[in-house]
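Peer 1:
Numbering (the numbering used here), first residue to last: 2 to 198.
1. How would you call residue 30, buried or exposed, if buried means at least 16 neighbouring beta carbons within 10 angstroms?
2. Do the CB positions of residue 75 and residue 96 come within less than 8 Å of each other?
3. Under 8 Å between the Cβ atoms of residue 22 and residue 41?
4. Whole angstroms are fine: how far does the CA of residue 161 sit from the CA of residue 60?
5. Evaluate the contact criterion for the stretch 173-189 versus the stretch 144-161: three or more CB pairs, one atom per stretch, below 8 Å.
6. Can the beta-carbon of residue 139 be found closer than 8 Å to that of residue 168?
7. Which same chain residues end up closer than 6 Å to residue 91 when comparing Cβ atoms and leaving out the 5 residues on each side of it in sequence?
8. Could you give the distance in angstroms between the alpha-carbon of residue 192 and the alpha-carbon of residue 126?
9. Report buried or exposed for residue 17, applying the criterion of at least 16 other Cβ atoms within 10 angstroms of its Cβ.
10. Quick check on the DSSP output: the alpha helix (DSSP H) that includes residue 19 runs from which residue to which?
11. Apart from the five residues just before and just after residue 44, which ones in its own chain have a Cβ nearer than 6 Å to its Cβ?
12. What span of residues does the alpha helix (DSSP H) with residue 48 cover, start to end?
Right, here's the structure in full:
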C-alpha cells in the first residue's frame, strides 16, 4: 500500500486578517455614524462586520481601542505624500486630503468622541499617530521649500501644518461652514505669507 501524499502546510498570507480588520473598522465607522459613540458596542460592530464577537475582544479588547484603530486607519488610507513640484500645489494637496478625510460621514463624530473622551490613553495614542503621520508627510514639502528659499529656514513642519489646517477644523467643529476652495486658497496664501523669508 502506497503512503498517503503529504499535504504541505498552507502559507499564511495575512489576507483574511486584513479583510477582517477592514470589515470591522468600516463597521465601526458606520455604527458611529448611525448611532453615535453611545450606541457603539463590540457586539453591534461584530454583527455588522459579519465576524464573531470573540474576534473583536481578542484583537481589540475594548471600544476605545476599536475607535483608536479606526482613526489610525483613516489617517493611513489614500493620503500619499504630496510632490507636485510647487509649494502651493503641495499645500493644496495636503489641505484637500485632510478636508476630504474630516468631512467623511462619521469622522466628525469620531473627532468629537476623541475630544469627549480626552485622557483615554488609546484615543490619545490614536490622535498622536494621526498627527505624527501628517507631520511626517508634510516635512519633505517644507524641507524642499526651505532649500528653494520659498519658506524661511526656521519654518518647522509642525508649525506650518498647524497654521495651514487650523481653519478647516474651526469650520468643522465650531461654525459648521463648508470647507470650500476659497477657504483652501486663503489657508495656502496666509501660510506662505507667514513663513515667507
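For each residue, glycine too, the CB sits at the ideal point set by N, CA and C.
Peer 2: Taking the geometry as given:
1. Position 29 of the chain shown, counted from the first residue, corresponds to residue 30. It is buried - the Cβ of residue 30 has at least 16 other Cβ atoms within 10 Å.
2. As a first step, residue 75 must be located in the chain shown, where it is residue number 74. As a first step, residue 96 must be located in the chain shown, where it is residue number 95. It is not a contact, given that the beta carbons lie outside the stated cut-off.
3. Sequence index remark: in the chain shown, residue 22 carries index 21 (1-based). Sequence index remark: in the chain shown, residue 41 carries index 40 (1-based). No, the pair does not count as a contact, with Cβ atoms beyond the cut-off.
4. Residue mapping note: residue 60 aligns to position 59 of the chain shown, counting from 1. Residue mapping note: residue 161 aligns to position 160 of the chain shown, counting from 1. Those two C-alpha atoms are separated by around 37 Å.
5. no
6. Counting from 1 along the chain shown, the entry for residue 139 is found at position 138. Counting from 1 along the chain shown, the entry for residue 168 is found at position 167. Going by C-beta atoms, residue 139 is not nearer than 8 Å to residue 168.
7. Here residue 91 refers to the residue found at position 90 of the chain shown. Around residue 91: 83, 85, 142.
8. On the chain shown, residue 192 is found 191 positions in, with the first residue counted as 1. On the chain shown, residue 126 is found 125 positions in, with the first residue counted as 1. Straight-line Cα distance between these residues: approximately 28 Å.
9. Residue numbering aside, residue 17 sits at position 16 when the chain shown is read from its first letter. Here residue 17 is exposed, its C-beta having fewer than 16 other C-beta atoms within 10 Å.
10. For the purposes of this step, residue 19 is taken as residue 18 along the chain shown, with counting starting at 1. Run containing residue 19: 16-36, per the alpha helix (DSSP H) assignment.
11. Looking up residue 44 in the chain shown gives position 43. Cβ within range, chain order: 54.
12. Taking the chain shown and counting its residues from 1, the one referred to as residue 48 is at position 47. Start and end: 43-50.
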